[in-house]
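Enquirer:
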Amino acid sequence: MQTPADRQDRHEYPAHWEADVVLRDGGTARIRPITVDDADRLVSFYEQVSDESKYYRFFAPYPRLSAKDVHRFTHHDFVDRVGLAATIGGEFIATVRYDRIGTDGMPASAPADEAEVAFLVQDGHQGRGVASALLEHIAAVARERGIRRFAAEVLPANSKMIKVFTDAGYTQKRSFEDGVVRLEFGLEPTDRSLAVQRAREQRAEGRSVRRLLMPGSVAVVGVGRAPGGVGRSILGNLREAGYPGRLHAVNRAFPEDLDEVEGVPAYRSVRDIDGHVDLAVVAVPAEHVPAVVVECGEHGVQGLVVLSAGYAESGTGGRERQRALVRAARAYGMRIIGPNAFGVINTAPDVRLNASLAPEMPRPGRIGLFAQSGAIGIALLSRLHRRGGGVTGVTGVSTFVSAGNRADVSGNDVLQYWYDDPETDVVLMYLESIGNPRKFTRLARRTAAAKPLVVVQGTGAAPQGHAVRATRLPHATVSALLRQAGVIRVDTITELVDAGLLLARQPLPAGPRVAILGNSESLGVLTYDRCLAEGLRPSRPLDLTTAATAEDFHRALAAALADDTNDAVVVTAIPAIGEGSPGDAELAEALRSAAAAVPGKPVLVVHVELGGLAEALSAAASTAPRAAWRAANRDGGPGGPPAVGDGRPAAAGAGAAGVGAEGAEAEGAPGAPAVAVGSPPAEGTRLIPAYPAAERAVRALAEAVKYAQWRREAVDPGKVPEYDDIDEKGAARLIGELLARDEGLTISDAETCELLGRYGVHVRRAFPAATPDAAAEAARTLGYPVALKATAPHLRHRADLGGVRLDLADEEQLRRAYAELTELFGKPEELRPVVQGMAPRGVDTVVRAVIDPAAGAVLSFSLAGAASQLLGDMAHRLIPVTDREATSLVRSIRTAPLLFGWRGSTPVDTPALEELLLRVSRLVDDHPEVVAVTLEPVVVAPRGVSVLGATVRLAPPPARDDLGPRTLPAY
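For the sequence shown, this note's numbering begins at 769 and goes up steadily by one.
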């Protein structure tokens, strides 16, 4: 029971310190502050710690905690004394505490900024990264409470704990005295500590997904007694896929004497299963799921795939059920895919897991597939499903995840897994929403540097059930930021699959130069035009005529690939009639053999109503296992590939055949892309993708060209330059003084000029002109010529409306202009006129920076004027911007030629413009309290830039969870 003294000793409970974390092995734990109510848990935890661990903690035999110890370790003020515990199932598995100390090493209060820290981890959980996670969180707590340094004393033999401190990446000092190692380290994050933290995050989250995709045993909860129903379907799909692990069928309604279902051991409860269960697939009504979660947690199940609906997608009550589901699962260290999920698939030969509603197991391949929607997942699998042993053909799938409401496991987690998955070469993702854009962009950039990442992103409101952070950025801006991170951003499922097929087995092009050859002049010209429209550099099409033989195609393709002026080749083919015309299989083999001789350049085929060629290209090097190819070879005749082009219809795909205008065509239809794959298949054989339309092939190639260029540039992303004239401390002091007045404000023009000036951004002075006499006085101060501008909100930055008069050479012209403005637009108090000195002539531009709560700090650039606004011609980069990114930012708008001498105009000073962009980026990056900056207009002259208008908004900085300790999204 708490006494009054106890209550006085405590500050308000810091609930925001609670967090769920993923541990090194992929399991989860909850970290929270220790309170007076944890006395029994602490005693129980300590009793389970070995004598050796106790010795390492207290430097002496310490078999049990005294009542005084328990009181000390559970009573904290959450400022000078703080204790955190890592829990699983509500029980402690590890603890950490700090005590603030003074320079003499004795207990102290603020302003003392050093604390002693100590850990204790239960032996059964050592090696899981629990101490590393606790160190991240206790360090964040300490920084929040004004502590800047930790000190720890460790016995030399306690190498594990020493390693926890030394591997954390903080700047530290080590000493040895009286047989004890003393470590001291600062708590400010460093580049190394952030790198260590993110590497640990990747390993932990990747392993947590791996546990779900590579289980050694699976229990299906909700298997019906009779055929039919979701649970029974899942069980059947697992069996038919050839899953080699242990299977268990669970239904609490099973009769007690029922031993098995379809040859699978049957149980009334997960608790009854003899042996470990890695994954539980839950297919019971939502009201029964909580009991199943408890059973699974108590049995030690590692993860759940929840197919059950009735959660956040169904409204307010469902959202609360979803929160409770996640909290309950995490309490037992389990991760969840779902709820309302379609399921997961892993085609690896030693796994063969089809824990999904897909009735057929996709063929093994190199594409990782993620979809939030089950319907879209069906469509994507269908698009990748081709005739070829009756299973998915083309390149095949490595793993498939349909996350449903993604209450826990999201696309970010699956990206962490795919990043270093050796079985996945290309990642395709359909994202209806992005819950954490800042993190997704960071992970996408790292993944795209290793393997292609193709994304379709939903454009509308987030679906019911998806927790999405609020963003003020338009969809087009988010898309631009994804492209900056190396994401291949496409608009439809068709484009997603088209790009994926090209990237899965063709090399990246070295540049945009494209050779076009084929037996149709008109199709070649159409392909040529599409290449120009996509920004490629095609050569004149080579027409082989309709009389071309397979040998003609082989010879032409070989020559085009050998030509150093070509980076890629598009082959166009139409059906040919007459003697000597190549058969489908013959043409496919001719193309394959020519491409194989020069493996460094991509080859694509555009075919029109030539289903036989598509099938022959696919059969030319089947992705089926070699034994399967031999079986098909026996069926098709000795010594060659199976017979193709015989007019037989291709097998229908599994699941939905289409999804509106963007959906999958029926398998085998003319619209379905095909891929060539070897004959017989050798390891690493190239596939030649075939497309039914020139625009689809060229669009896929254009995306590959842009991605290859991004990969080359990502090797050297540039640097954030240093400027000697930046006064960072002075700016920080000014910002602090301004925020002391108001927590959120748009600062005055004078304050804006002062703040920007400390970063070398100088705004031309503008004097208010409430009367003609005031305007004349301002002009005398500035010197003629001057400009007279109306700054009322409806006229500001709208020179097209006539609210600006330029090059006023004397007082007479100034007074005449003043009279014209007031006559046209109203009284001076309505116009808010100002007088400003004339800037050198140039191109008017706009520079903006904003801190978005979801995406982070973003720098934007465009030309000024209604046309750029109307067309949305604005480019964006994430802050901090490097010198190379500033250069590309200026050149990435469609109107950029106006800066570089378009139609004989004088080129302007783009290096000065780039420096201005870099200085604004530094200001916002150094001072997150600067939440918005607008420079408009910025006149870029042939020499130098002039900032004619500026506004700055200050506010307390939004939370940066990407700089804090690792956590899972809160529920």
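C-beta: ideal position from N, C-alpha, C; glycine also.
#1: Do three or more CB pairs link the stretch 952–969 to the stretch 980–997 at distances below 8 Å?
#2: Starting from G1286, trace the alpha helix (DSSP H) both ways and give me its first and last residue.
#3: So N1108 is in the beta strand (DSSP E); what residue range does that whole segment cover?
#4: Using three-state DSSP, classify G914 as helix, strand or coil.
#5: Nearest by alpha-carbon distance to P1220: which of G794, F1629, A1472, E1481 is it?
#6: So G870 packs on Y1185, CB below 8 Å; how close in whole Å?
#7: Determine the burial state of M1197: buried for a count of at least 16 other Cβ atoms within 10 Å of its Cβ, exposed for fewer.
#8: Measure the Cβ-Cβ separation of P1705 and V1649 and say whether it is below 8 Å.
#9: Which same chain residues, not among the five before or five after T1674, have their C-beta less than 6 Å away from its C-beta?
#10: Given a cut-off of 8 Å on the beta-carbon distance, is the pair A1253 and R1213 in contact?
#11: Among G1179, V1194, P1190, which has the Cα closest to the Cα of R1210?
#12: So, helix, strand or coil for T803, using DSSP?
#13: Do the stretch 791–802 and the stretch 897–910 meet, that is, are 3 or more Cβ pairs less than 8 Å apart?
#14: DSSP three-state label for Q1477, please.
#15: Quick test of your reading: A1099 and G857, contact by CB under 8 Å. State the CB separation rounded to the nearest angstrom.
#16: According to the Cβ coordinates, are A1537 and V1603 closer than 8 Å?
#17: Please determine, among T1317, V1529, G954, the residue with the shortest C-alpha to C-alpha distance to A908.
#18: According to the Cβ coordinates, are V1062 and A1096 closer than 8 Å?
#19: Around the C-beta of H779, are 16 or more other C-beta atoms found within 10 angstroms, so that it is buried, or is it exposed?
#20: CA-CA distance, V725 and P1367?
#21: Given Y824, which residues of its chain have a CB within under 6 Å of its CB, disregarding the five upstream and five downstream residues?
#22: Starting from I1144, trace the alpha helix (DSSP H) in both directions and tell me its first and last residue.
#23: Mind checking who K1369 pairs with in its DSSP beta bridge?
#24: In whole angstroms, give me the CA-to-CA distance for I915 and A876.
#25: F933 by DSSP, collapsed to three states: which one?
#26: Tell me which residue opens and which closes the alpha helix (DSSP H) that G1504 is part of.
#27: Hey, how far is the Cα of R1174 from the Cα of L1075?
#28: E1138 to S1170, Cα distance in whole Å?
#29: Can you give, in chain order, each stretch of the beta strand (DSSP E) that sits fully within the stretch 856–925 and has at least 3 residues?
#30: Should the stretch 1309–1318 be called in touch with the stretch 1278–1292, which here means at least 3 C-beta pairs below 8 Å?
#31: Taking 6 Å as the limit between beta carbons, can you name the residues of its chain near S1628, skipping five residues before and five after?
#32: Would you call H1016 buried or exposed, if buried means 16 or more other Cβ atoms sit within 10 Å of its Cβ?
#33: Measuring straight from C-alpha to C-alpha, what distance separates A1476 and A1278?
#34: In its own chain, which residues sit with a C-beta less than 6 Å from the C-beta of V1699, not counting the 5 before and 5 after it?
#35: Have a look at T1167, A1126, R1134 and flag the residue whose alpha-carbon is nearest the alpha-carbon of S1150.
#36: Count the other C-beta atoms from every protein chain shown that fall within 10 angstroms of the C-beta of E1505, then say buried if there are 16 or more, exposed otherwise.
Expert: Taking the structure as given:
#1: Touching, no, given that fewer than three Cβ pairs across the two stretches are closer than 8 Å.
#2: In the sequence shown, the residue the question calls residue 1286 occupies position 518. It is not in any alpha helix (DSSP H) - G1286 instead sits in the beta strand (DSSP E) that spans 1281–1286.
#3: By one-based count along the sequence shown, residue 1108 stands at place 340. No beta strand (DSSP E) holds N1108; DSSP gives it neither H nor E.
#4: Position 146 of the sequence shown, counting from 1, holds the residue named residue 914. Note: G914 maps to coil in three-state DSSP.
#5: Indexing the sequence shown from 1 puts residue 1220 at position 452. Cα-wise, what sits closest to P1220 is A1472.
#6: Residue numbering aside, residue 870 sits at position 102 when the sequence shown is read from its first letter. Residue numbering aside, residue 1185 sits at position 417 when the sequence shown is read from its first letter. Not really, about 47 Å apart at Cβ, beyond 8 Å.
#7: Residue 1197 sits at position 429 when you count from the first residue of the sequence shown. Classification for M1197: buried.
#8: Position 937 of the sequence shown, counting from 1, holds the residue named residue 1705. Position 881 of the sequence shown, counting from 1, holds the residue named residue 1649. Taking 8 Å as the Cβ cut-off, P1705 and V1649 do not qualify as a contacting pair.
#9: Sequence index remark: in the sequence shown, residue 1674 carries index 906 (1-based). Around T1674: P1710.
#10: Stepping through the sequence shown from its first residue, residue 1253 is reached at position 485. Stepping through the sequence shown from its first residue, residue 1213 is reached at position 445. The answer is yes: Cβ separation under 8 Å.
#11: Position 442 of the sequence shown, counted from the first residue, corresponds to residue 1210. Comparing Cα positions, the closest option is G1179.
#12: In the sequence shown, counting from the first residue as 1, residue 803 sits at position 35. Looking at T803 - three-state DSSP - the assignment turns out to be coil, as it is neither helix nor strand.
#13: yes
#14: What you label residue 1477 is simply residue 709 of the sequence shown in a count that begins at 1. Helix, per DSSP.
#15: As a working mapping, residue 1099 is identified with position 331 in the sequence shown. As a working mapping, residue 857 is identified with position 89 in the sequence shown. With 8 Å as the limit, A1099 and G857 qualify as a contact, their Cβ atoms being about 6 Å apart.
#16: Counting from 1 along the sequence shown, the entry for residue 1537 is found at position 769. Counting from 1 along the sequence shown, the entry for residue 1603 is found at position 835. Yes.
#17: Within the sequence shown, numbered from 1, the residue matching residue 908 stands at position 140. The shortest Cα separation from A908 among T1317, V1529, G954 belongs to G954.
#18: For the purposes of this step, residue 1062 is taken as residue 294 along the sequence shown, with counting starting at 1. For the purposes of this step, residue 1096 is taken as residue 328 along the sequence shown, with counting starting at 1. Yes; because the gap between Cβ atoms is below 8 Å, this pair is in contact.
#19: Mapped onto the sequence shown, residue 779 falls at position 11. Flag for H779 reads exposed.
#20: This structure gives no information on residue 725, because the portion of the chain shown stretches from 769 to 1739.
#21: Along the sequence shown, read from residue 1 onward, the residue named residue 824 stands at position 56. So the list reads L923, N926, once near-sequence residues are dropped.
#22: The count along the sequence shown starts at 1 and reaches residue 1144 at position 376. Segment 1142–1151, the alpha helix (DSSP H) holding I1144.
#23: Here the question's residue 1369 lines up with position 601 in the sequence shown. Bridge partners of K1369: none, in fact.
#24: As a first step, residue 915 is located in the sequence shown; it is residue number 147 there, counting from the start. As a first step, residue 876 is located in the sequence shown; it is residue number 108 there, counting from the start. Their backbone Cα atoms lie some 11 Å apart in a straight line.
#25: As a working mapping, residue 933 is identified with position 165 in the sequence shown. The answer is helix: DSSP assigns F933 an H, G or I state.
#26: In the sequence shown, the residue the question calls residue 1504 occupies position 736. It spans 1496–1509 - the alpha helix (DSSP H) in which G1504 sits, taken as one unbroken run.
#27: Translated into positions along the sequence shown, residue 1174 becomes position 406. Translated into positions along the sequence shown, residue 1075 becomes position 307. One C-alpha to the other measures close to 11 Å.
#28: As a position in the sequence shown, residue 1138 is number 370, starting the count at 1. As a position in the sequence shown, residue 1170 is number 402, starting the count at 1. Reading off the sequence, residue 1138 comes out as Phe, not Glu. If you take the alpha carbons of F1138 and S1170, they lie about 6 Å apart.
#29: Unbroken beta strand (DSSP E) stretches of 3 residues or longer found wholly inside the stretch 856–925: 859–869, 882–889, 917–922, given in chain order.
#30: yes
#31: As a first step, residue 1628 must be located in the sequence shown, where it is residue number 860. Cβ neighbours of S1628 beyond the five flanking positions: R1616, M1642, H1644.
#32: Translated into the one-based positions of the sequence shown, residue 1016 becomes position 248. Buried: at least 16 other Cβ atoms inside 10 Å.
#33: In the sequence shown, the residue the question calls residue 1476 occupies position 708. In the sequence shown, the residue the question calls residue 1278 occupies position 510. Between A1476 and A1278, the C-alpha separation is close to 7 Å.
#34: For this step, residue 1699 is matched to residue 931 along the sequence shown. Excluding sequence neighbours, V1699 sits near I1619, R1721, A1723.
#35: One-based indexing of the sequence shown puts residue 1150 at position 382. Comparing Cα positions, the closest option is A1126.
#36: Working through the sequence shown from its first residue, we reach residue 1505 at position 737. Exposed.
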